[in-house]
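S.K.:
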Amino acid sequence: FYCVFVTNFHHFLMCFIALLLHFHPHFCLIFFAILTLFSRSFLIWVKPNWRKCFLCFSVGQVAFSASLLTSGAGHTGPFNAFTPLVFRHVISNIGNAYSPTTGFFLAPVRGAYHFEFYIAALGSTHNSGAGLLKNGEHVVVAYETEATSWGQSANGATLLLEANDVVSLRLWVHSRIYENENRHNTFSGLNQINIGDNII
Numbered sequence: 001f002y003c004v005f006v007t008n009f010h011h012f013l014m015c016f017i018a019l020l021l022h023f024h025p026h027f028c029l030i031f032f033a034i035l036t037l038f039s040r041s042f043l044i045w046v047k048p049n050w051r052k053c054f055l056c057f058s059v060g061q062v063a064f065s066a067s068l069l070t071s072g073a074g075h076t077g078p079f080n081a082f083t084p085l086v087f088r089h090v091i092s093n094i095g096n097a098y099s100p101t102t103g104f105f106l107a108p109v110r111g112a113y114h115f116e117f118y119i120a121a122l123g124s125t126h127n128s129g130a131g132l133l134k135n136g137e138h139v140v141v142a143y144e145t146e147a148t149s150w151g152q153s154a155n156g157a158t159l160l161l162e163a164n165d166v167v168s169l170r171l172w173v174h175s176r177i178y179e180n181e182n183r184h185n186t187f188s189g190l191n192q193i194n195i196g197d198n199i200i
């Protein structure tokens with residue numbers, strides 16, 4: 001099959017002419033009219049033997065970064081159970097897929113997403129840890145023990161998410177993390193590539 005990435009009018013015209021050779025003109029005209037309304041760039045998968053077009057729009061491009069507190073300083077935890085972490089200070093939120101109210105990232109489309117998080121520890125007998133969750137299920141953990149001074153741990157993962165999957169963080173049991181105006185605790189994520197249902 002052929003794959004054409006359309007980003008400007010020149011590529012648009014070339015692709016339009018190519019499709020006219022394989023498909024009915026009226027179909028192509030309607031196809032591109034709808035396409036132009038919904039997306040500036042897109043992938044067209046043309047399989048001549050099947051006489052079909054498979055379309056994958058470049059929507060759902062999202063990215064965000066957030067820190068734990070909007071202002072001030074202090075500890076979070078310890079608690080006797082896993083506790084959701086809500087990163088309330090939004091640094092960036094392209095596509096608005098992250099909610100600073102719930103702490104949830106909601107995947108807009110099926111695709112590969114990468115997440116990273118950083119957790120700070122400040123001299124304590126308590127450990128400092130947080131886990132990354134996908135739909136409430138544990139994925140990875142960042143964990144640090146620092147009895148006398150500063151310490152920081154980090155982790156991350158690339159996940160295959162379906163539309164409306166939820167990614168979040170939770171504070172580890174009996175853990176305590178420290179935050180101040182320097183924003184040591186952060187949660188970030190971005191969509192690396194959209195993956196249509198016919199790809200994987």
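Going by the UniProt record's numbering, the residue at position 113 of the sequence shown is 113; the numbering climbs one at a time, nothing skipped.
The beta carbon of each residue, even a glycine, is placed where N, CA and C say it ideally should be.
Just the C-alpha distance for Asn194 and Gly103, rounded to the nearest angstrom, thanks.
M.R.: Going from the Cα of Asn194 to the Cα of Gly103 covers about 23 Å.
S.K.: Since Val90 is in the beta strand (DSSP E), which residue starts that stretch and which ends it?
M.R.: His89 to Ile94 is the span of the beta strand (DSSP E), which, as asked, contains Val90.
S.K.: Can you check which of these residues, Phe64, Phe117 and Ala63, is closest to Ser128 by C-alpha distance?
M.R.: Nearest C-alpha to Ser128: Phe117.
S.K.: Spatial neighbours of Val141 within its chain, please: CB distance less than 8 Å, with the 5 preceding and 5 following residues excluded, ordered by chain position.
M.R.: Gly129, Ala130, Gly131, Leu132, Asn155 and Trp172.
S.K.: Can you find the residues in the same chain that come closer than 6 Å, C-beta to C-beta, to Val139, ignoring five residues on each side of it along the sequence?
M.R.: So the qualifying residues of the chain are Leu132 and Ala157.
S.K.: Does the beta carbon of Gly111 sit closer than 9 Å to a beta carbon anywhere in chain C?
M.R.: The structure shown contains no chain C; it is built from a single protein chain.
S.K.: How is Pro108 classed by DSSP in three states: helix, strand or coil?
M.R.: It is coil, neither helix nor strand.
S.K.: Give me, in chain order, the residues of the same chain whose beta-carbon lies closer than 8 Å to that of Gly111; leave out the 5 immediate sequence neighbours on both sides.
M.R.: Here the set comprises Gly60, Leu160, Leu161, Asn191, Gln192, Ile193, Asn194 and Ile195.
S.K.: Rounded to whole angstroms, how far is the Cβ of Ser67 from the Cβ of Ile94, which I believe are closer than 8 Å?
M.R.: No, Ser67 and Ile94 are not in contact; Cβ-Cβ is about 16 Å, not under 8 Å.
S.K.: Distance check for Val86 and Asn80, CA to CA, integer angstroms please.
M.R.: One C-alpha to the other measures close to 18 Å.
S.K.: By Cβ distance, which residues of its chain are closer than 6 Å to Arg183, with the 5 residues on each side in sequence left out?
M.R.: Within the same chain, Arg183 has close Cβ partners Ser67.
S.K.: What number of angstroms, rounded off, separates the C-alpha of Asp165 from the C-alpha of His114?
M.R.: Rounded to whole angstroms, Asp165 to His114 spans 14 Å at the Cα level.
S.K.: Going along the chain, which residues of its own chain have a beta-carbon closer than 6 Å to the beta-carbon of Arg143, five neighbours each way excluded?
M.R.: According to the sequence displayed, residue 143 carries Tyr and not Arg. These residues qualify, in order along the chain: Gly129 and Ser153.
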